[in-house]
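There are 2 protein chains.
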Amino acid sequence: MTLTEKAYEALRHDIIRGELAAGRPLRLADLGERYGMGFSPLREALNRLQAERLVTVESLRGFRVAPLSLDELHDAVSLRIVIETEALKASIRHGDDVWASGIVSSLYALNVQAARTGPEADIWTLEARHHAFHRALLAACNSPWTLEFFERLYAATERYRIPVLLAAALPVGRDVQAEHGALAQAALDRNAEEASGLLSQHYLRTVEDLAAAIRSSEVSRRASAS
Amino acid sequence: MTLTEKAYEALRHDIIRGELAAGRPLRLADLGERYGMGFSPLREALNRLQAERLVTVESLRGFRVAPLSLDELHDAVSLRIVIETEALKASIRHGDDVWASGIVSSLYALNVQAARTGPEADIWTLEARHHAFHRALLAACNSPWTLEFFERLYAATERYRIPVLLAAALPVGRDVQAEHGALAQAALDRNAEEASGLLSQHYLRTVEDLAAAIRSSEVSRRASAS
DNA sequence: ATTTCAATTATTTTCGATAATTTTCATTGC
DNA sequence: GCAATGAAAATTATCGAAAATAATTGAAAT
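In order, the protein sequence lines correspond to chains A and B.
Just so you know, this note's numbering puts 131 at position 131 of the first sequence, and the rest follows in order with no gaps.
Just so you know, this note's numbering puts 1135 at position 135 of the second sequence, and the rest follows in order with no gaps.
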């Protein structure tokens, strides 16, 4: 693995997790220190991330972590619904038993992790399994372009979910695992309309919960800053 | 403008127009000669293009122009239909008179160029105006993510249309300008269902014509090679 | 003829240095 | 006080060279 690839993965990881905060300038000297490499591989990685909209660049003024906004969250989720409901229908049409068992196993792993409490309740494992479950649903859509855009939008929306998960700021009255279970069942039953409807609802509820949590934390942040 | 930006635009231009053929290895020494710059800005540009799937990369073995395939053409067009029909409906919902006049003027410019014959019949101008017209239709969708994916897929499909246009290999019995006109009219009439139906048909016809032209040229190429 | 291996050549990857540009900050003039 | 100015510092962008790796060649062995 080349240093450019290492830099790309490390930067992407740190941006998505918020360890490099939105809007923060990415100075090459700092990054070279942080990741232990020279400018060339860092600049190459930053150019990739710029093309993926995780980083912004201004000529001769360097790179920054891409900003976050409620507008972008709504935009990304709306487009996820358009793309993923179609991809889910295609997967249901084309998927074989390998696809179906991928859904079963990823759902099981997700449920196990969601049920864990105490020191085993690791949000990074939960997040990885959540991603794997949603990817498994679409895996048989037979469209590389769709899967690429799924990954792009998943990363974009993950940046909003992670700070909310870390703050444990989600409402308690919602049974997300039941939603995942119903969605998986509809997909396994090859009920395309039901499944895509459940997927849309799942995302619409999530975006509302996230937006509410973010708005209230913005309010409290501004109140404490004044 | 930095050299990285110049390299990015020049490489993107040359790849989309097929001046750098699909699959061709992109050797840094050659590119440095071709574009008159050192390795650093070229590698940064190639990394951007790799993130956009116009270039492939293999560790320690360099970059290549991304390959073309009929499967990818069908995949890209199918996803364009999903994304753009939705974007067109949103534009029709949100678009104001600035949006409408953008459609009118870009359609007019496209029709003028399509009607030109002889030395004025420049396929690059035609292509630029075709792009501008399709962008104008979606311009009011109010979704940056949608517009980004539109540009990505437009570039991806342009790579298939250009060699067919250059070979003048499209069937003559089709009135593409009439299709554009009807589409624009439906959009201006705020008839979302009609407009998105016409857009789908327009793309499905185009992909069939392109696929037929490419298949027949593949057949003739293989026959002459044997 | 084919395979193996070492030496050579070609190519990519990375670094360190330099040039170009922006940012900072103290100073001057109003 | 405050804007304008200009030097100094910081930072990015680019180059050229060095290091690392891959590909090629040709001789030797089978």
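Ideal Cβ positions, reconstructed from N, Cα and C, are used throughout, including at glycine.
The structure displayed is predicted, hence computed values, not measured ones.
Mapping DSSP to helix, strand and coil, what is residue 18 (chain A)? Counting from 1 along the first sequence, the entry for residue 18 (chain A) is found at position 18. Reduced to three states, the DSSP call for residue 18 (chain A) is coil.
I need the DSSP call for residue 112 (chain A), collapsed to helix, strand or coil. Counting from 1 along the first sequence, the entry for residue 112 (chain A) is found at position 112. Here residue 112 (chain A) sits in helix by DSSP.
Supposed contact pair residue 1203 (chain B) and residue 1080 (chain B) - C-beta distance, whole angstroms, cut 8 Å: Here residue 1080 (chain B) corresponds to residue number 80 of the second sequence, with the count starting at 1. Here residue 1203 (chain B) corresponds to residue number 203 of the second sequence, with the count starting at 1. Sure, about 6 Å apart at Cβ, within 8 Å.
Report the residue from B:1047, B:1075, B:1187, B:1069 whose alpha carbon sits nearest the alpha carbon of residue 1214 (chain B). Locating residue 1214 (chain B) in the second sequence gives position 214, counting from the first residue. Residue 1214 (chain B) has its Cα closest to that of B:1069, out of B:1047, B:1075, B:1187, B:1069.
With distance defined between alpha-carbon atoms, name the residue in A:194, A:85, A:25 nearest to residue 66 (chain A). Position 66 of the first sequence, counting from 1, holds the residue named residue 66 (chain A). Residue A:25 is the option with its Cα nearest to residue 66 (chain A).
Can the beta-carbon of residue 1110 (chain B) be found closer than 8 Å to that of residue 1129 (chain B)? Along the second sequence, read from residue 1 onward, the residue named residue 1110 (chain B) stands at position 110. Along the second sequence, read from residue 1 onward, the residue named residue 1129 (chain B) stands at position 129. Cβ atoms of residue 1110 (chain B) and residue 1129 (chain B): closer than 8 Å.
Please classify residue 95 (chain A): is it buried, with 16 or more other beta-carbons within 10 angstroms of its beta-carbon, or exposed? Here residue 95 (chain A) corresponds to residue number 95 of the first sequence, with the count starting at 1. With 16 or more Cβ atoms within 10 Å of its Cβ, residue 95 (chain A) is classed as buried.
With 16 other Cβ atoms within 10 Å as the buried cut-off, status of residue 1166 (chain B): For the purposes of this step, residue 1166 (chain B) is identified with residue 166 of the second sequence, where counting begins at 1. Under this definition residue 1166 (chain B) is an exposed residue.
CA-to-CA distance, residue 29 (chain A) to residue 3 (chain A), given in whole angstroms: As a position in the first sequence, residue 3 (chain A) is number 3, starting the count at 1. As a position in the first sequence, residue 29 (chain A) is number 29, starting the count at 1. Rounded to the nearest angstrom, the two C-alpha atoms are 16 Å apart.
Using DSSP's beta-bridge definition, name the partner residues of residue 82 (chain A). If you number the first sequence from 1, residue 82 (chain A) lands on position 82. Partner(s): none; residue 82 (chain A) has no beta bridge.
By a C-beta neighbour count over all protein chains shown, 10 Å radius and 16 as the cutoff for buried, is residue 1177 (chain B) buried or exposed? The residue given as residue 1177 (chain B) occupies position 177 in the second sequence. So residue 1177 (chain B) ends up on the exposed side.
Is it buried or exposed, residue 91 (chain A), if we count other Cβ atoms within 10 angstroms and call 16 or more buried? Taking the first sequence and counting its residues from 1, one reaches residue 91 (chain A) at position 91. Counting Cβ neighbours within 10 Å, residue 91 (chain A) comes out buried, since at least 16 surround it.
I'd like the span of the beta strand (DSSP E) that includes residue 1056 (chain B), first residue to last. Reading the second sequence from its first residue, position 56 is the one you call residue 1056 (chain B). Residues 1055 to 1058.
What does residue 1146 (chain B) touch in chain A if you count any residue whose Cβ is under 7 Å from its own? The residue given as residue 1146 (chain B) occupies position 146 in the second sequence. By Cβ distance, chain A contributes 79.
Which residues in chain B sit within 7 Å of residue 75 (chain A), going by Cβ to Cβ distance? Within the first sequence, the letter at position 75 stands for residue 75 (chain A). Within 7 Å Cβ-Cβ: 1143, 1144, 1145.
Relative to the C-alpha of residue 9 (chain A), which residue among A:52, A:170, A:23, A:75 is closest? Translated into positions along the first sequence, residue 9 (chain A) becomes position 9. Nearest option by C-alpha distance: A:52.
Beta-carbon contacts of residue 1046 (chain B) that lie in its chain and below 6 Å, excluding the five residues immediately before and after: Taking the first residue of the second sequence as position 1, residue 1046 (chain B) is located at position 46. The residues are 1055, 1063.
On the CB-based measure, 16 or more other CB atoms within 10 Å of its CB, does residue 226 (chain A) come out buried or exposed? Reading the first sequence from its first residue, position 226 is the one you call residue 226 (chain A). Below a pLDDT of 50, predicted positions are generally treated as unreliable, and residue 226 (chain A), at 47, falls in that range; the measurement from the model is reported next regardless. Exposed: under 16 other Cβ atoms inside 10 Å.
Are any of the Cβ atoms in chain A nearer than 8 Å to that of residue 1082 (chain B)? Here the question's residue 1082 (chain B) lines up with position 82 in the second sequence. Cβ-Cβ to chain A under 8 Å: yes for residue 1082 (chain B).
How about residue 1205 (chain B): is its Cβ closer than 7 Å to a heavy atom in the ligand GDP? Annotation note on the ligand GDP: not contained in the displayed structure, which lists no ligands.
Buried or exposed: residue 86 (chain A), going by 16 or more other Cβ atoms within 10 Å of its Cβ? As a position in the first sequence, residue 86 (chain A) is number 86, starting the count at 1. So residue 86 (chain A) counts as buried.
Environment of residue 1039 (chain B) [buried if 16+ CB atoms lie within 10 Å]: The residue labelled residue 1039 (chain B) in the question sits at position 39 within the second sequence. With fewer than 16 Cβ atoms within 10 Å of its Cβ, residue 1039 (chain B) is classed as exposed.
Use the C-beta contact count for residue 189 (chain A): other C-beta atoms within 10 angstroms, 16 or more gives buried, fewer gives exposed. Within the first sequence, residue 189 (chain A) is the residue found at index 189, counting from 1. Under this definition residue 189 (chain A) is an exposed residue.
Please report the distance separating the alpha-carbon of residue 145 (chain A) from that of residue 1150 (chain B). Looking up residue 145 (chain A) in the first sequence gives position 145. Looking up residue 1150 (chain B) in the second sequence gives position 150. The alpha-carbon atoms of residue 145 (chain A) and residue 1150 (chain B) are separated by roughly 12 Å.
Counting only beta-carbon separations shorter than 8 Å, does residue 158 (chain A) have a partner in chain B? In the first sequence, residue 158 (chain A) corresponds to position 158, counting from 1. Chain B contact via Cβ: absent.
Step through the CB atoms of chain A and report whether any lies within less than 8 Å of the CB of residue 1029 (chain B). For the purposes of this step, residue 1029 (chain B) is taken as residue 29 along the second sequence, with counting starting at 1. No, residue 1029 (chain B) does not count as interfacial toward chain A.
Sequence-distant residues of the same chain with beta carbon closer than 8 Å to residue 33 (chain A), five excluded per side: Along the first sequence, read from residue 1 onward, the residue named residue 33 (chain A) stands at position 33. Excluding sequence neighbours, residue 33 (chain A) sits near nothing in its chain.
Identify, in the order they occur along the chain, each residue of the same chain with its Cβ nearer than 7 Å to the Cβ of residue 1089 (chain B), setting aside the five sequence neighbours on each side. If you number the second sequence from 1, residue 1089 (chain B) lands on position 89. Excluding positions up to five away in sequence, the list reads 1192, 1196.
Between residue 1042 (chain B) and residue 1135 (chain B), what straight-line distance do the alpha-carbon atoms span, to the nearest angstrom? For the purposes of this step, residue 1042 (chain B) is taken as residue 42 along the second sequence, with counting starting at 1. For the purposes of this step, residue 1135 (chain B) is taken as residue 135 along the second sequence, with counting starting at 1. Cα-Cα distance, rounded: 29 Å.
Specify the secondary structure class of residue 226 (chain A) as computed by DSSP and reduced to three states. Residue mapping note: residue 226 (chain A) aligns to position 226 of the first sequence, counting from 1. Residue confidence is low: residue 226 (chain A) scores 47 on pLDDT, short of 50, so the model does not pin down where it sits. No coordinate-derived value is stated.
Please confirm whether residue 1217 (chain B) and residue 1169 (chain B) have their CB atoms less than 8 Å apart. In the second sequence, the residue the question calls residue 1217 (chain B) occupies position 217. In the second sequence, the residue the question calls residue 1169 (chain B) occupies position 169. Closer than 8 Å, so yes.
Please identify the residue among B:1060, B:1106, B:1123, B:1093 whose C-alpha is closest to the C-alpha of residue 1163 (chain B). Position 163 of the second sequence, counting from 1, holds the residue named residue 1163 (chain B). Closest option to residue 1163 (chain B), Cα to Cα, is B:1123.
Nearest chain A C-beta to residue 1052 (chain B) closer than 8 Å, yes or no? Reading the second sequence from its first residue, position 52 is the one you call residue 1052 (chain B). With 8 Å as the cut-off, residue 1052 (chain B) counts as an interface residue toward chain A.
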